[in-house]
Amino acid sequence: MAATKKTLLGPLVGAVDQGTSSTRFLVFNSKTAELLTHHQVELKQEFPREGWVEQDPKEILQSVYECIEKTCEKLGQLNIDISNIKAIGVSNQRETTVVWDRLTGEPLYNAIVWLDLRTQSTVESLSKRIPGNNNFVKSKTGLPLSTYFSAVKLHWLLDNVKKVQKAIKEDTALFGTIDSWLIWSLTGGANGGVHCTDVTNASRTMLFNIHSLEWDKDLCEFFDVPMKILPNVRSCSEIYGLMKAGALEGVPISGCLGDQSAALVGQMCFHDGQAKNTYGTGCFLLCNTGHKCVFSDHGLLTTVAYKLGRDKPVYYALEGSVAIAGAVIRWLRDNLEIIKTSEEIEKLAKEAGTSYGCYFIPAFSGLYAPYWDPSARGIICGLTQFTNKCHIAFAALEAVCFQTREILDAMNRDCGIPLNHLQVDGGMTNNKILMQLQADILYIPVVKPSMPETTALGAAMAAGAAEGVGVWSLEPEDLAAVTMERFEPQINAEESEIRYSTWKRAVMKSMGWVTTQSLESGDPSIFCSVPLGFFIVSSMVVLIGARYISGTP
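In the numbering used here, the protein residues as written are 1006 to 1558.
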């Protein structure tokens, strides 16, 4: 029998999209930006103590290999030759911190996830060493001193994990965010793996000077981090090394961006003032500010947006970061068990049609932008005997939208020119009720690309455009047109403002629950001012002290 003829599609580019909740590998046509196929593996999160969030770096790496193998199998079923894949890009959850041994390739501790809060006492003690009139950490990094970023997580590992301390003494320790761990492992690991990161991921460590684009000696000394363990910093689009194993052995890894920067590129926000909002585990609004660092007066971060080539200019962004977006749906599924799959949330919300005065503040890891309050905890308030799981589901979706409204308002005040529409992407944008709610709460149109995988697309674009690969043109005239779905506001402005002002009142009630001592001890009996439960507060029932832990609270 004659061999089946393989379909010729021209150059293809693969993208590893390594997120907090799952890993995926996707393959795109570099000429049309069409997504051909993908595979996804959900990941475990471990919660060893209150406020602690960890993942197994080896499980993450294995999930990448599995996704690549399964995607290549699917391409074969589609009669597409995998030899057409000319490059691979990497996009990853940012800030999550890994330390491993360069000789054995073994992680020395679990990855400490960006949501983790164990370093709150470290943050408080370090903040006392920063002069009030000279916040050199923020001026060099664009970031507030927070548990969110890698430096304090690394500081904790160096102080508390004997394996890490021993490896530092023996000069075998390597540090990296997830991109560094993956690229080092995929390019050979202990047998010559490339230890590098890109400027976007480096800018989230709190050790990187975003002006000079280098690791900063003063910052490393401030956080007690030895510079010898840090990865080399590269641009987002260049060949870092070749795949050393698996179905795509020999293919260059040539693109690397933190997930939110990748989405900015995938949404083609290449001009000053263009913005996008990504709905994933958290929610992240980025606005391109061009070649200049714009510092926020309203709780936003200044960060590196991208640098698409060694000799290409760096672009910066303002960012509003929300810790809990899609994670609240997972919490309703895994902890409260009111849904069996994440997709069911839309059905429940549609059935209710309203939250019926119920408001959900999902401050499981404190509040990020614009408040930066690590002492906040989740509350559900406005409950009555009429409230049921459908209303709570609706309130959870509204919570994502209200949090976006808060960071959009801050962005508008910092930029001076209000956005007249919001470009969105991420897995949650498949939920049409969420998208309509977002348009109603922002009172501007919400615009969603028909292919929502813009994070992976951005990583693929960077990889395909790299010098030495050159299969993806980033020239404006060559970029494929994107079909958009548009959601217009359907309520009046006054109703939108009333709902938003009530949300703000609820946010105030979520603040100030946690003490530093409770975070350090992990003792649930002192974690909140009062135990988890239902209480009457100002004529409304409130579920207080909600936390992001495994099992039923």
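In this text, a Cβ means the ideal position worked out from N, Cα and C, and glycines have one as well.
Other residues of its chain near residue i: CB distance less than 6 angstroms, five sequence neighbours each side excluded
| i | result |
| --- | --- |
| residue 1110 | 1194, 1195 |
| residue 1457 | 1430, 1434 |
| residue 1289 | 1265, 1283, 1326 |
| residue 1025 | 1098, 1286 |
| residue 1022 | 1029, 1096, 1460, 1461 |
| residue 1051 | 1059 |
| residue 1491 | 1450, 1452 |
Contact belief for residue i with residue j at Cβ below 8 angstroms, rounded distance in angstroms
| i | j | result |
| --- | --- | --- |
| residue 1083 | residue 1041 | 7 angstroms |
| residue 1031 | residue 1085 | Contact flag wrong, Cβ pair sits at about 13 angstroms. |
| residue 1402 | residue 1438 | 6 angstroms |
| residue 1449 | residue 1424 | 7 angstroms |
| residue 1337 | residue 1416 | Actually they do not touch by this definition, with Cβ atoms about 28 angstroms apart. |
| residue 1234 | residue 1310 | Actually they do not touch by this definition, with Cβ atoms about 26 angstroms apart. |
| residue 1188 | residue 1258 | 6 angstroms |
For residue i, the first and last residue of its enclosing alpha helix (DSSP H)
| i | result |
| --- | --- |
| residue 1036 | Run containing residue 1036: none; DSSP gives neither H nor E here. |
| residue 1348 | Where residue 1348 is concerned, there is no enclosing alpha helix (DSSP H), given that its DSSP letter is neither H nor E. |
| residue 1154 | From DSSP, residue 1154 is part of no alpha helix (DSSP H); its letter is neither H nor E. |
| residue 1445 | 1437-1447 |
| residue 1265 | 1264-1271 |
| residue 1284 | Here residue 1284 belongs to no alpha helix (DSSP H); instead the beta strand (DSSP E) covers 1280-1284. |
| residue 1289 | Element bounds for residue 1289: not the alpha helix (DSSP H) but the beta strand (DSSP E), 1288-1295. |
| residue 1169 | 1167-1174 |
| residue 1428 | Not the alpha helix (DSSP H): residue 1428 falls in the beta strand (DSSP E), residues 1427-1430. |
| residue 1397 | 1394-1420 |
| residue 1499 | 1498-1515 |
Residue i, enclosing beta strand (DSSP E) - first and last residue
| i | result |
| --- | --- |
| residue 1140 | First-last for residue 1140: undefined, no H or E at that position. |
| residue 1062 | It is not in any beta strand (DSSP E) - residue 1062 instead sits in the alpha helix (DSSP H) that spans 1062-1082. |
| residue 1020 | 1017-1023 |
| residue 1229 | Careful: residue 1229 lies outside any beta strand (DSSP E) and carries neither H nor E. |
| residue 1239 | 1237-1239 |
| residue 1250 | First-last for residue 1250: undefined, no H or E at that position. |
| residue 1105 | 1102-1106 |
| residue 1179 | 1178-1182 |
| residue 1043 | 1040-1047 |
| residue 1097 | 1090-1097 |
| residue 1490 | 1489-1492 |
| residue 1365 | 1364-1366 |
| residue 1453 | 1451-1454 |
| residue 1086 | Premise fails: residue 1086 is in no beta strand (DSSP E) and is neither H nor E. |
| residue 1121 | No beta strand (DSSP E) holds residue 1121; DSSP gives it neither H nor E. |
Exposure of residue i, with buried meaning 16 or more beta-carbon neighbours within 10 Å
| i | result |
| --- | --- |
| residue 1569 | Because the chain is modelled from 1006 through 1558, residue 1569 falls outside the range shown and cannot be assessed. |
| residue 1528 | At residue 1528, the pLDDT of 46 sits below 50, so the modelled position is not reliable and the matter cannot be decided from this model. |
| residue 1411 | buried |
| residue 1092 | buried |
| residue 1488 | exposed |
| residue 1209 | buried |
| residue 1352 | exposed |
| residue 1165 | exposed |
| residue 995 | Here the chain covers residues 1006 to 1558 and nothing more, so residue 995 does not appear. |
| residue 1440 | buried |
| residue 1510 | exposed |
| residue 1228 | buried |
| residue 1315 | exposed |
| residue 1382 | buried |
| residue 1544 | Note that residue 1544 scores a pLDDT of 32, beneath 50, so its modelled location is shaky and nothing firm can be said. |
| residue 1390 | exposed |
| residue 1160 | buried |
| residue 1076 | buried |
| residue 1088 | exposed |
| residue 1136 | exposed |
| residue 1062 | buried |
Neighbourhood of residue i by C-beta distance below 7 angstroms, restricted to the same chain and skipping five residues each side
| i | result |
| --- | --- |
| residue 1255 | 1247, 1248 |
| residue 1267 | 1096, 1460, 1463, 1464 |
| residue 1119 | 1098, 1099, 1100, 1101, 1153 |
| residue 1356 | 1395 |
| residue 1149 | 1143, 1377 |
| residue 1036 | 1015 |
| residue 1070 | 1251 |
| residue 1505 | 1407, 1410, 1446 |
Sequence-distant residues of the same chain with beta carbon closer than 8 angstroms to residue i, five excluded per side
| i | result |
| --- | --- |
| residue 1223 | 1141, 1145 |
| residue 1313 | 1240, 1241, 1242, 1270, 1467, 1470, 1479 |
| residue 1334 | 1344, 1347, 1350, 1401, 1433 |
| residue 1560 | The first residue shown for the chain is 1006 and the last is 1558, placing residue 1560 beyond what the model contains. |
| residue 1556 | Residue placement at residue 1556 cannot be trusted, given a pLDDT of 37 that sits under 50; the coordinates are not used to answer. |
Check: residue i C-beta below 7 angstroms from any heavy atom of the ligand NAD
| i | result |
| --- | --- |
| residue 1502 | This structure does not include the ligand NAD; it has no bound ligands of any sort. |
Q: Kindly confirm or deny that the segment 1485-1505 and the segment 1340-1357 touch, where touching means at least three C-beta pairs closer than 8 angstroms.
A: no
Q: Inspect the CB distances between the segment 1128-1135 and the segment 1180-1200 and report whether three or more fall short of 8 angstroms.
A: no
Q | Given 8 angstroms, three or more beta-carbon pairs between the segment 1097-1104 and the segment 1173-1191 | A | yes
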